[in-house]
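Before any comments, here is the structure.
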Amino acid sequence: MKKNLIISFIILLSVFIAFGMSDARVKGKCKDCHSMHYSHEGQEVTYGDRQGPFPVLTKGGCVGCHGQEPNGIQNIISMGKAKVPQVLHNMKSADLAGGNYYYVADGFTPDYTKGHNVLDISIRQNPPMDVPPGFIQAVPITGGTGPSYWPSVQQLTCSGTWGCHGNRTVEDPYKSMHGAHHSDDSEIDGYTVGRSYRFLYGITGKEHEDWEYLATIDNHNGYKGNISHDTMDTISYLCGGCHAKFHPHPNLGGRAEVGQVYNSLWYRHPTDIAFDSVKGGFADSEYQGYITYSLEAPVAFTEPKGNEVIVDSTSIVMCLSCHRAHASPFPSMLRWDYSDHRAHASPFPGTLRQGHSEMDTRKVTSGKGCLTCHTKKGQ
Ligand code: HEC
Ligand code: HEC
Ligand code: HEC
Ligand code: HEC
Ligand code: HEC
43 MKKNLIISFI ILLSVFIAFG MSDARVKGKC KDCHSMHYSH EGQEVTYGDR
93 QGPFPVLTKG GCVGCHGQEP NGIQNIISMG KAKVPQVLHN MKSADLAGGN
143 YYYVADGFTP DYTKGHNVLD ISIRQNPPMD VPPGFIQAVP ITGGTGPSYW
193 PSVQQLTCSG TWGCHGNRTV EDPYKSMHGA HHSDDSEIDG YTVGRSYRFL
243 YGITGKEHED WEYLATIDNH NGYKGNISHD TMDTISYLCG GCHAKFHPHP
293 NLGGRAEVGQ VYNSLWYRHP TDIAFDSVKG GFADSEYQGY ITYSLEAPVA
343 FTEPKGNEVI VDSTSIVMCL SCHRAHASPF PSMLRWDYSD HRAHASPFPG
393 TLRQGHSEMD TRKVTSGKGC LTCHTKKGQ
């Protein structure tokens, strides 16, 4: 009897744990996040430095809640029972998967080339960076089409038509997100904003529980890729919604702008292609040297699970193989310092080339940066 009780308790407990882990709806008291009347202006506790009232009665805007302490050292802040991922903070070596807007935020010695300059975080960048590089008008996106024109006065927003999150066919950032935070996203199928990967409408994938804080090679975000270029649910398609000329999908830049898989030459670096389509074939190619998942230069998968350790011929190159999505410590929001990359820096191991001694000390070796994939270009 007692044994049965214990067993059923254990079963119940594991059901709770499993449920709790897969369901990422916001939890906790309404009053932690909402203010019904915002009646005592200046006295209400709001998140961020802007004053309310805010749409949907929340106690802060998107940046207020997700960047509560720009100079503070917490990358995830607890509000009651909820964990709020912070996209703007000063915690060293603990940037979440998207990166950290700290590097581009006004007031913190910003370098605007290191990331997206989002409204309420940075000022708009000067031309030509006032519009998305590689923009094409009215490309197909989930739910409709992207904007037919990008006005140069239009700054990036977190969500809506001029941002990345939410339904991009809806202009208002808050309307475009309505309902997402309370939806059950235990299944990520892209049908609603709440059920899309990181509220990026239409995108699928597997979400690491702590937004890749302390991610490991067997527990990370699972990015979706698709080498047939016939769906719009990949993470690279999301980027291509604005930077269309950089993606080989026929809805976007396609062959004319990027090039063609298999035999032809590329004009722009390919994404959403697998290693098995490289020129001359995968066998004996330099890409064969990338065998273990790298958090520095990650790859996408056709059916991402977030626990892939092995990289093989079916693994897929994506925009986020080289870039962060928000901002990074490096120019062009890259995942590593590209200015350090030199080809064949030390042709004779152990000897220094005359006059080039600094090359060897600064050499980026196979397995790092671009050479995670192009394993033979540094040798
Ligand atoms: C009152 C605070 C609050 C406000 C305001 C807020 N969020 Fe959130 N947000 C949260 C919390 C809490 C979570 C974590 C929910 C979870 O565990 O998935 C979250 C999660 C997210 C995520 C990650 C979802 C995932 O799958 O991990 C995104 C993206 C996001 N919010 C975007 C936004 C945008 C865009 C806005 C403005 C329209 C916004 N948030 C406004 C509290 C807030
Ligand atoms: C809603 C449109 C939009 C989407 C979607 C978008 N971007 Fe951008 N991106 C912009 C705009 C506008 C700029 C230029 C202004 C700026 O840097 O903020 C830009 C700039 C950039 C830059 C150059 C940064 C610099 O200042 O040098 C990179 C790199 C970049 N985007 C990569 C990406 C990646 C990777 C994705 C997908 C995760 C993506 N973008 C998705 C609009 C977008
Ligand atoms: C951890 C923060 C958090 C808590 C706790 C929270 N909410 Fe919300 N809620 C949000 C955010 C952020 C939005 C706006 C963005 C969105 O719609 O996704 C929102 C939107 C809503 C909406 C409009 C969209 C929808 O889903 O219908 C309602 C209604 C709502 N909340 C009611 C409540 C009530 C009632 C409670 C308490 C039982 C509560 N919320 C607790 C963060 C929270
Ligand atoms: C995630 C893996 C990956 C990373 C990281 C990566 N590449 Fe590539 N790269 C590829 C693949 C795959 C191809 C396609 C090769 C083919 O089709 O033969 C490619 C193609 C290229 C080409 C064109 C080759 C050709 O034959 O047309 C160049 C040049 C290039 N990459 C340079 C770089 C540089 C520079 C970096 C770092 C900024 C980089 N790559 C990072 C995987 C990667
Ligand atoms: C192989 C690595 C790699 C991949 C994959 C990659 N990029 Fe880049 N990207 C770079 C590098 C490196 C730069 C800096 C400029 C340069 O050296 O060409 C850059 C620059 C940019 C810029 C800034 C252009 C400017 O005018 O300054 C944007 C925007 C951008 N990338 C978007 C994307 C998008 C969107 C994708 C996916 C469709 C993507 N990148 C895929 C490496 C990559």
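Its first residue numbered 43, the sequence shown is counted upward by one per residue in this note's numbering.
Cβ atoms here follow ideal geometry from the backbone N, Cα and C, with glycine treated the same way.
Would you call residue i buried or exposed, if buried means 16 or more other Cβ atoms sit within 10 Å of its Cβ?
i: M171; result: exposed
i: S135; result: exposed
i: L337; result: exposed
i: E83; result: exposed
i: N209; result: buried
i: E345; result: exposed
i: G140; result: buried
i: P72; result: The residue asked about is misnamed: residue 72 is Cys in this sequence, not Pro. Label assigned to C72: exposed.
i: V320; result: buried
i: M63; result: With a pLDDT of only 47 at M63, under 50, the local geometry of the prediction cannot be trusted, and the value read off the model is given with reservation. It is exposed - the Cβ of M63 has fewer than 16 other Cβ atoms within 10 Å.
i: P174; result: buried
i: N159; result: buried
i: R92; result: exposed
i: T414; result: buried
i: M78; result: exposed
i: T151; result: exposed
i: I352; result: exposed
i: T258; result: exposed
i: N168; result: exposed
i: K101; result: buried
Would you check whether ligand 3 has a heavy atom nearer than 8 Å to the C-beta of residue i?
i: H223; result: yes
i: D74; result: yes
Could you tell me how far apart the beta carbons of residue i and residue j are, in whole angstroms, since I believe they sit closer than 8 Å?
i: P182; j: T203; result: P182 to T203, Cβ: 14 Å. No contact.
i: I118; j: Q128; result: 6 Å
i: N132; j: N113; result: 5 Å
i: V212; j: A124; result: Wrong, their Cβ atoms sit about 25 Å apart, outside the cutoff.
i: R237; j: D231; result: 6 Å
i: C200; j: L280; result: Contact doesn't hold; Cβ gap of about 14 Å is too wide.
i: H289; j: G282; result: 3 Å
i: Y80; j: P97; result: In fact, because the Cβ distance is near 11 Å, the residues do not count as touching under 8 Å.
i: K248; j: K347; result: 6 Å
i: V406; j: H383; result: 5 Å
i: S355; j: D318; result: 4 Å
Within 8 Å: the Cβ of residue i and any heavy atom of ligand 5?
i: V359; result: yes
i: H311; result: yes
Determine the DSSP secondary structure at residue i, reduced to helix, strand or coil.
i: I358; result: strand
i: C284; result: coil
i: Y89; result: coil
i: I119; result: strand
i: H223; result: helix
i: S164; result: coil
i: G301; result: strand
i: G420; result: coil
i: P127; result: strand
i: K321; result: coil
i: S270; result: coil
i: Y255; result: coil
i: T507; result: An answer regarding residue 507 cannot be provided, because it is not within the stretch 43 to 421 covered by the chain.
i: H250; result: coil
i: I178; result: coil
i: I315; result: strand
i: H207; result: strand
i: S370; result: coil
i: T234; result: coil
i: H383; result: coil
i: H82; result: coil
i: I352; result: strand
i: H108; result: helix
i: C364; result: coil
From the beta carbon of residue i, is the nearest beta carbon of chain B less than 9 Å away?
i: F372; result: Of the chains in the structure shown, none is chain B; there is only one protein chain.
Comparing the CB of residue i with every heavy atom of ligand 1, is any distance shorter than 8 Å?
i: W378; result: no
i: M171; result: no
i: H108; result: yes
i: E249; result: yes
i: K101; result: yes
i: D227; result: yes
i: P290; result: no
Confirm the yes/no value for this check: CB of residue i, any heavy atom of ligand 4, distance under 8 Å.
i: Y265; result: no
Is residue i near ligand 2, judged by its Cβ being under 8 Å from some heavy atom?
i: M219; result: no
i: A342; result: no
i: M375; result: yes
i: V105; result: no
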